[in-house]
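To keep things clear, I will list the structure first and then write my remarks on it.
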Amino acid sequence: QVQLVESGGGVVQPRKSLRLSCAASVSISRLYKMGWYRQGPGKERDWVAYITADGLTKYQDYSVGRFTISRDNARNLLYFQMNDLLPEDTAEYLCWAFDGVTEYWGKGTLVTVSS
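Residue numbers (my numbering): 6 to 120.
Right, here's the structure in full:
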C-alpha cells in the first residue's frame, strides 16, 4: 500500500508562484509514474503533469512553461513548481502514483489563485 500526502497549497495572487510537495510512504524509485492531477470548481479531475521513474516528463499544454514536475528519490518526494499562476489554475491538486499495477491517490491540497 502506498500513501501519498500533499502539502504546499494555499491562497496566492495571480502571477505568483507555489511549490507543491507529495510525500510517499514507500521508496518512489519503485513507482513507475508519479504525477499531479487537479479538479477545479465544477470541473472534472484532469491530469496536469507526470514524471516516470526514468525522469521523463509530460505536461498538459496549459502548464508548459509555467509548471515543472520533479522527484527526489532520496527523500521520496514529488514536487510541483507552479509559476505565473492564473485564476483558472484554482483547483484541488492531487498527487498520483502508479506502480505498474495499482494507482494511488493523495487527498489533495487546495490552490486558490485570487487577487
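Think of the CB as a built atom: it goes at the ideal place given N, C-alpha and C, for glycine as much as any other residue.
Residue 12 carries a strand assignment under DSSP once its states are collapsed to helix, strand and coil. Under the three-state reduction of DSSP output, residue 104 falls in the coil class, being neither helix nor strand. For residue 13 against residue 20, the beta-carbon gap comes to about 18 Å, at or over 8 Å, which does not count as contact.
Per DSSP, residue 74 is one residue of the beta strand (DSSP E) stretching across 72 to 77. Between residue 91 and residue 118 the beta-carbon gap is near 6 Å, inside 8 Å, which marks them as a contact. Looking from the CA of residue 78, the closest CA among 16, 18, 15, 31 belongs to 31. With distances taken between CA atoms, residue 72 lies nearest to 94 out of 109, 94, 81. By the criterion of a C-beta distance shorter than 6 Å, residue 86 is surrounded in its chain by 24, 73, once the five residues flanking it on both sides are discounted. Comparing alpha-carbon positions, the option among 101, 46, 116 lying closest to residue 56 turns out to be 101. Sequence-distant partners of residue 44 (beyond 5 residues in either direction) whose C-beta falls short of 6 Å from its own C-beta, in its chain, are 50, 96, 97.
Residue 119 carries a coil assignment under DSSP once its states are collapsed to helix, strand and coil. Comparing alpha carbon positions, the residue from 62, 28, 17 closest to residue 112 is 28.
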